[in-house]
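Chemist:
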Amino acid sequence: MMLFGLDENSLRLGAFAGVFVVMALAEWLMPKKKRTQPIARRWLTNWGIIVADAVIIRLVMPILPVAVAFYATSNNWGLLNWLALPDWLAVLVGFIILDFAIWLQHLLSHKIPILWRLHQVHHADRDIDVSTALRFHPIEILLSLFYKMAWILVLGTPAMAVFLFEAILNGAALFNHANVRFSAKLDAVLRLLIVTPDMHRVHHSVIPQETNSNYGFNLSVWDRWFGTYIAQPKKGHEEMTIGLSHYQSDKPSRFSWAMLLPFRNR
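The sequence shown begins at 23 in the numbering used here and counts up one residue at a time.
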């Protein structure tokens with residue numbers, strides 16, 4: 023699909039690469055938390071996972087959400103098409119509802135055991151940095167695609183809203199997983215609207231109450247409205263333990279271990 027005269031995939035890849043480089047440099051210049059694992063092995067594993075994701079998605083699901091949105095619009099499917107809203111309002115409403123849908127999906131991935139088996143691959147990372155945003159099991163990525171496409175068809179979400187949402191969500195995930203130090207005042211202002219690194223880091227704590235909080239990836243309002251918001255970790259950011267309590271070894275930094283984790287019995 024072409025947007026702004028350029029291929030959608032090229033636009034998304036360029037934005038992704040740009041944000042990744044900026045956040046990686048920010049981590050190097052002003053880190054928040056000391057690493058516990060060698061960065062080379064972790065990054066090799068986390069990048070390996072996203073390459074596996076890309077290959078499997080291309081083989082199994084060649085149609086992307088933006089194409090589904092074009093299809094829904096051209097066939098007059100979905101609530102937003104039936105309401106005949108102005109284009110700008112349909113894009114805004116579609117974007118906000120998709121953001122809520124991803125927040126809900128994230129919450130369900132913690133509450134439904136079979137989904138948690140997949141999602142724990144993401145949480146098993148013993149350090150949290152910009153590369154952690156890449157660490158999702160391919161099966162979870164495929165399920166997420168089907169989930170988003172279902173919402174797009176039901177809503178009749180405009181293609182522009184889907185494109186903007188996908189690009190911003192990817193950038194937001196890279197931003198809020200980054201191991202970057204912000205001033206408390208700047209963090210407090212930013213998290214009124216968006217999920218900050220300090221806010222999301224709480225979600226990666228080994229303490230179950232904190233793991234089951236702060237599900238947002240982009241907008242921060244959903245956790246406040248639905249009572250799943252925790253402002254700060256009990257032990258503080260520098261002293262908190264990242265990951266899952268039963269996987270505090272070097273195993274989560276191994277590619278094969280991470281890919282097979284959902285199929286293991288504890």
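Built from N, CA and C at the ideal position, the CB exists for glycine as well.
I need the boundaries of the alpha helix (DSSP H) containing Val-224, first residue and last residue.
Modeler: Per DSSP, Val-224 belongs to the alpha helix (DSSP H) from 219-225.
Chemist: Thinking C-beta only, is Ile-252 closer than 7 Å to Val-224?
Modeler: Closer than 7 Å, so yes.
Chemist: Count the other CB atoms, across all protein chains shown, that sit within 10 Å of the CB of Ala-172; report buried if there are 16 or more and exposed otherwise.
Modeler: Exposed, since its Cβ has fewer than 16 Cβ neighbours within 10 Å.
Chemist: Please report the straight-line C-alpha distance between His-128 and Leu-140, rounded to a whole angstrom.
Modeler: C-alpha separation (whole angstroms): 12 Å.
Chemist: Counting Cβ pairs, one atom from each stretch, are 3 or more of them under 8 Å apart for the stretch 165-181 and the stretch 91-102?
Modeler: Taking 8 Å as the limit for Cβ pairs, the verdict is that the stretch 91-102 does touch the stretch 165-181.
Chemist: Quick one: any contact between the stretch 265-277 and the stretch 114-125, if contact means 3 or more CB pairs under 8 Å?
Modeler: Touching, no, given that fewer than three Cβ pairs across the two stretches are closer than 8 Å.
Chemist: Count the other C-beta atoms from every protein chain shown that fall within 10 angstroms of the C-beta of Thr-12, then say buried if there are 16 or more, exposed otherwise.
Modeler: The displayed coordinates of the chain run from 23 to 288. Any statement about residue 12 would go beyond what the structure contains.
Chemist: If the criterion is Cβ atoms closer than 7 Å, does the pair Phe-185 and Phe-117 meet it?
Modeler: Contact flag unset, no.
Chemist: Can you check which of these residues, Thr-67, Ile-150, Ala-106, is closest to His-46 by C-alpha distance?
Modeler: Sequence inspection shows Ala at residue 46; the His mentioned does not correspond to that position. Ranking Thr-67, Ile-150, Ala-106 by Cα distance to Ala-46 puts Ile-150 first.
Chemist: Would you mind sorting Glu-232 into buried or exposed? The rule is 16 or more other CB atoms within 10 Å of its CB.
Modeler: It is buried - the Cβ of Glu-232 has at least 16 other Cβ atoms within 10 Å.
Chemist: In angstroms, rounded to a whole number, what distance separates the CA positions of Gln-270 and Glu-261?
Modeler: Distance between the alpha carbons of Gln-270 and Glu-261 is about 15 Å.
Chemist: Going by the CB atoms, is the gap between Lys-170 and Pro-230 shorter than 7 Å?
Modeler: Result no, Cβ atoms of Pro-230 and Lys-170 do not sit closer than 7 Å.
Chemist: Alpha carbon to alpha carbon, how far is Leu-105 from Gly-70? Give it in angstroms, no decimals.
Modeler: Gly-70 and Leu-105: Cα-Cα distance of roughly 43 Å.
Chemist: Cα-Cα, which of Val-73, Ala-189, Glu-162, Ala-200 is closest to Leu-35?
Modeler: Nearest option by C-alpha distance: Ala-189.
Chemist: How far does the alpha helix (DSSP H) with Gly-116 in it reach, from first residue to last?
Modeler: Where Gly-116 is concerned, the enclosing alpha helix (DSSP H) stretches over 109-133.
Chemist: Provide the residue span of the alpha helix (DSSP H) that contains Phe-168, from first to last.
Modeler: Looking at the DSSP string, the run of the alpha helix (DSSP H) that includes Phe-168 is 160-177.
Chemist: Spatial neighbours of Val-82 within its chain, please: C-beta separation below 8 Å, excluding the five flanking residues on both sides.
Modeler: If we look at Val-82 and ignore the five residues flanking it on each side, its Cβ neighbours are Leu-164.
Chemist: I want to see whether chain D comes within less than 7 Å of Gly-70, judged by CB atoms only; does it?
Modeler: Note that chain D does not occur in the displayed structure, where there is just one protein chain.
Chemist: Once you ignore the five residues that flank Ile-78 on each side, which residues in its own chain have a CB closer than 8 Å to its CB?
Modeler: So the list reads Pro-160, Ile-163, Leu-164, once near-sequence residues are dropped.
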